[in-house]
Amino acid sequence: MRKKNFLFVSILLLAALLSGCTGAIAWPGLSATDEAAYLANTTTVYAVDLSDGRQLWTFSGERGGFSLFNTNPSLFVSTPVVTQEGLVIILDSSNKHVMYAVDPNDVTDGAPAIEWKFDAVDGLWIAPPLEVNGRLFAPNSDGNVYVLDLTDGKSEKQAIEVIQVSQPGEGESRLWAQPVTDGERLFVTSLDKSVLAIDLETYQIAWHADLGGAVPGGVALGGDGMLYVGSLAKQLERFDPVTGEHQPVLDTNGWIWGTPVADGDNLYFADVDGYFYSYNTAEQRLNWEPVQPDASITASPLVIGDRVLVATESGGMYSISAAGEVDLWFQGQEGSQAYTTPVLAGGFVLVAYLESDYYLVALDDEGDEKWTFAGR
Amino acid sequence: MKNPSNQTQAQRPELPQINPRETFKTFAVIALLVLAFSNFGFVIDLVVNILIFIYQFVGESFGVAIILLTVLIRLITWPLNAQQMKGAKAMQDLQNDKEWLAIQKKYAKDREKLAQEQMRLYRERNINVFGSCLPTLIQFPILFALIPSITYAIGSYPLSILKLSKSLEAFGLQDVVSLIPLNSKFLGIDMGLPERTVIFGFGIPVLALIVGLTTYIQTKLTMPPSANPNDQSAATGRMMSIYMPVMLFLFSVNYASGLSVYFVASNILSIIQYAMMGKVNWRNLIPGGKKS
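So the sequences go chain by chain: A and B.
The first sequence runs 3 to 378 under my numbering.
The second sequence runs 6 to 297 under my numbering.
See the structure below:
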């Protein structure tokens, strides 16, 4: 009997060891209103009171129901989106493929009420959707953009339109970035190395352009009216939003992962080799030579007044001045990693961390820690 | 007058003689394991690069790449597996040996003496007690590395692709930009995610069930015959034929289906290897069938 037990325990131990082999596969998603931060962190979405870091509610998927072999947990890593109506759109990025809309003002037993859900897709939800005039444009890893009517009052949504982004024979068109609109067109990027524009009225593809590398980030609308997008081909490309004509305007040192951020004539972006760029779109030149804070950068920069904050893989938050001077503004715990784009809300800069004792930290305008959130 | 030292020598239990060759092998395996686990990042990078190389070579099919990687691992570990089979067979034979059974009975109440006698028999029959488990242990780093390797390589999530790029750049052998995104579909299944086939509204993990079934068949077919009802090895084998399929099934339910493909391929290749060595007991699969 003792031998049997030993064998059983050994097998369980082996299973546990095997289970611990993968580590983190995605970084948290973070968004906020003036009152609350919404953090999608692996199996749970947390709503956090911005004033004191108190947990308001959590969401871990639909409760109840029986499903055979439903041992595969939900995965929440996509950035939650708050609609005009005040609902929070939460994406389950596991192979359950469910998009939920929850009401943050209707909380029972610590969980918000589900207003509606949508799951008629074949791929993973990674990209946050975009709301345009009561319609939700949701890119999926199956290569389609699903259009939902937010005003139909249905609790089980059906797509009113499915826009096929991938071209036959092109392979996988995983759509990972939130779309951007100029009011007439929707601009979508794809890991199949393409950028395209969708006419918002007809849902037809207005133009489609191929780049040399996958595009995990979104496009930025520059101050000059042009589109700017970076890719894994280590190039910043400029697009005409009407015709889709494009040309590379800058070679970078590494992959451009995060969506560039436009501020007037300046465009800020970074690469995974850890370089940060400030590009003048009016004069088509770099404002200064790229600076390199300390580690790989996947997050988009955050512009606050006359400085830009950037989060690095080493857990550092760096402040970069208009002249290109780099200062360490805040340092996360040793071994922590910041891949998520920081958010400015309620007077705080919110930074989400991986491999840290806390999931979220709120910093004041001096970079001093005001509160941390570690779940409960 | 008695010589005290001689007396002590006579009373001292007989120590097992050390076989230098076997000891060297044991230490070499342990050293290799320590080296692998202390440089686990390197092992992962290595497996990722081999996997991606095969992926490109076979026309960008991830499922085929995993199967070929399994074949490669099986070929590399073939001598180890052969040694394991040999060791297991020797242990099995010993369990049914008359002398072995006699000492079990004779020293049933004297564990120390029983252990000495067992060691003597191991030595006389030239059996390495670790012979059947060391080859298995040495495969652990490969198996452990395979899990993150498949997860990174398929790149279903952003962080996986970043880790993949770092793994590939560490070796500098692959054109990373042209590779991404990788084609993760095989037979309509996304290799990066746990598989579910919807049947009558239920999500059934068909691939995980195949893993459980092939593991059961593999353990049954490769279980050596035993005429002795008290044979401990046979009892362990019977337990393994239940625990292992259940464990691998539960594991496959939750993890990337690429790993399930590895388990299925590995089980089939294991059966083939046993068959080639003439050690498959087909009758074990027949309920109530006479054991060959």
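C-beta atoms are modelled at their ideal positions from N, C-alpha and C, and glycine is treated no differently.
Beta-carbon gap between residue i and residue j smaller than 8 Å
i	j	result
aspartate 226/A	threonine 153/A	no
phenylalanine 1/A	glycine 232/A	Nothing about residue 1/A can be read from this structure; chain A reaches only from 3 to 378.
proline 292/A	tryptophan 259/A	no
leucine 132/A	threonine 183/A	yes
glutamine 294/A	glycine 317/A	no
histidine 99/A	tryptophan 118/A	no
isoleucine 277/B	serine 154/B	no
leucine 164/B	alanine 208/A	no
leucine 229/A	proline 243/A	yes
tryptophan 178/A	alanine 140/A	no
aspartate 273/A	threonine 261/A	no
phenylalanine 241/A	valine 305/A	no
phenylalanine 191/B	valine 266/B	yes
isoleucine 92/A	valine 47/A	yes
leucine 77/A	threonine 45/A	yes
glutamate 315/A	alanine 297/A	yes
serine 175/A	valine 167/A	yes
C-beta neighbour in chain B for residue i, strict 8 Å
i	result
tyrosine 341/A	yes
isoleucine 92/A	no
arginine 176/A	yes
tryptophan 331/A	no
phenylalanine 68/A	Per-residue confidence for phenylalanine 68/A stands at a pLDDT of 48, beneath the threshold of 50, marking its modelled position as unreliable; the derived number appears in the next sentence. It does not; no Cβ of chain B falls within 8 Å.
alanine 216/A	yes
valine 274/A	yes
alanine 28/A	yes
leucine 362/A	no
asparagine 97/A	yes
leucine 132/A	no
serine 126/A	According to the sequence provided, residue 126/A is leucine. The question's serine does not apply to it. Output row for leucine 126/A: interface = yes.
proline 170/A	Only weak support exists for where proline 170/A lies, its pLDDT of 48 falling under 50; the value from the coordinates is given anyway. No, its Cβ sits nowhere closer than 8 Å to a Cβ of chain B.
Residue i versus residue j: straight-line alpha-carbon distance, rounded
i	j	result
tyrosine 281/A	threonine 191/A	21 Å
leucine 150/A	alanine 280/B	57 Å
glutamine 57/A	asparagine 272/B	48 Å
leucine 70/A	leucine 198/B	Caution is warranted here: a pLDDT of 48 is assigned to leucine 70/A, below 50, making its placement in the model unreliable, and no coordinate value can be reported.
glycine 217/B	valine 251/B	6 Å
phenylalanine 176/B	serine 257/B	30 Å
isoleucine 322/A	arginine 309/A	6 Å
serine 246/B	threonine 219/B	11 Å
alanine 351/A	alanine 301/A	The sequence given here places valine at residue 351/A; alanine does not occur at that position. When rounded, the distance between both Cα atoms is 14 Å.
glycine 67/A	methionine 282/B	Only weak support exists for where glycine 67/A lies, its pLDDT of 49 falling under 50; the value from the coordinates is given anyway. Answer to the nearest angstrom: the Cα atoms are 50 Å apart.
leucine 169/B	tyrosine 112/B	58 Å
tyrosine 37/A	tyrosine 341/A	Note that residue 37/A corresponds to glutamate in the displayed sequence, not to tyrosine. Distance between the alpha carbons of glutamate 37/A and tyrosine 341/A: 24 Å.
glycine 136/A	leucine 264/B	42 Å
alanine 264/A	isoleucine 215/B	52 Å
valine 104/A	proline 114/A	6 Å
glutamate 172/A	arginine 187/A	Its pLDDT being 47, under 50, glutamate 172/A is placed unreliably by the model, and the measurement read from it follows with that caveat. So the two alpha carbons sit approximately 23 Å from each other.
valine 76/B	valine 182/B	28 Å
asparagine 302/B	glycine 46/B	Lying outside 6 to 297, the shown extent of chain B, residue 302/B is not represented and no answer is given.
glycine 112/A	threonine 374/A	20 Å
leucine 362/A	proline 75/A	22 Å
tryptophan 287/B	aspartate 98/B	19 Å
asparagine 289/A	aspartate 121/A	45 Å
threonine 343/A	tyrosine 148/A	25 Å
valine 90/A	proline 106/A	7 Å
valine 330/A	glutamine 180/A	Checking the sequence shown, residue 330/A turns out to be leucine, not valine. Cα to Cα, leucine 330/A sits roughly 29 Å from glutamine 180/A.
Within-8 Å CB hit, residue i to chain C
i	result
proline 84/B	Of the protein chains in this structure, namely A and B, none is chain C.
Test: residue i CB closer than 8 Å to a CB of chain A
i	result
arginine 201/B	yes
valine 182/B	yes
isoleucine 71/B	no
threonine 224/B	no
threonine 219/B	no
leucine 212/B	no
leucine 119/B	no
threonine 156/B	yes
isoleucine 194/B	no
Any non-hydrogen atom of the ligand COA closer than 7 Å to residue i Cβ
i	result
alanine 376/A	Because no ligand of any kind appears in the structure shown, any question about the ligand COA cannot be addressed here.
Residues from the region 300-317 of chain A in contact with chain B, defined by Cβ distance under 8 Å: Thr300
At least three beta-carbon pairs within less than 8 Å, the region 74-88 of chain A to the region 37-44 of chain A: yes
Residues of the region 160-179 of chain B with Cβ closer than 8 Å to any Cβ of chain A, in chain order: Taken in chain order, the members of the region 160-179 of chain B whose beta-carbon sits within less than 8 Å of a beta-carbon on chain A are Ser161, Tyr162, Pro163, Leu164, Ser165, Ile166, Leu167 and Ser170.
Three or more C-beta pairs below 8 Å linking the region 112-119 of chain B and the region 80-97 of chain B: no
Residues within the region 189-200 of chain A neighbouring chain B, beta-carbon criterion of under 8 Å: Leu193 and Asp194
Contacting positions in the region 232-260 of chain A - beta carbon closer than 9 Å to chain B: Ser233, Leu234, Ala235, Lys236, Trp257 and Trp259
Inter-stretch contact at 8 Å, needing at least 3 Cβ pairs: the region 185-196 of chain B / the region 64-73 of chain B: yes
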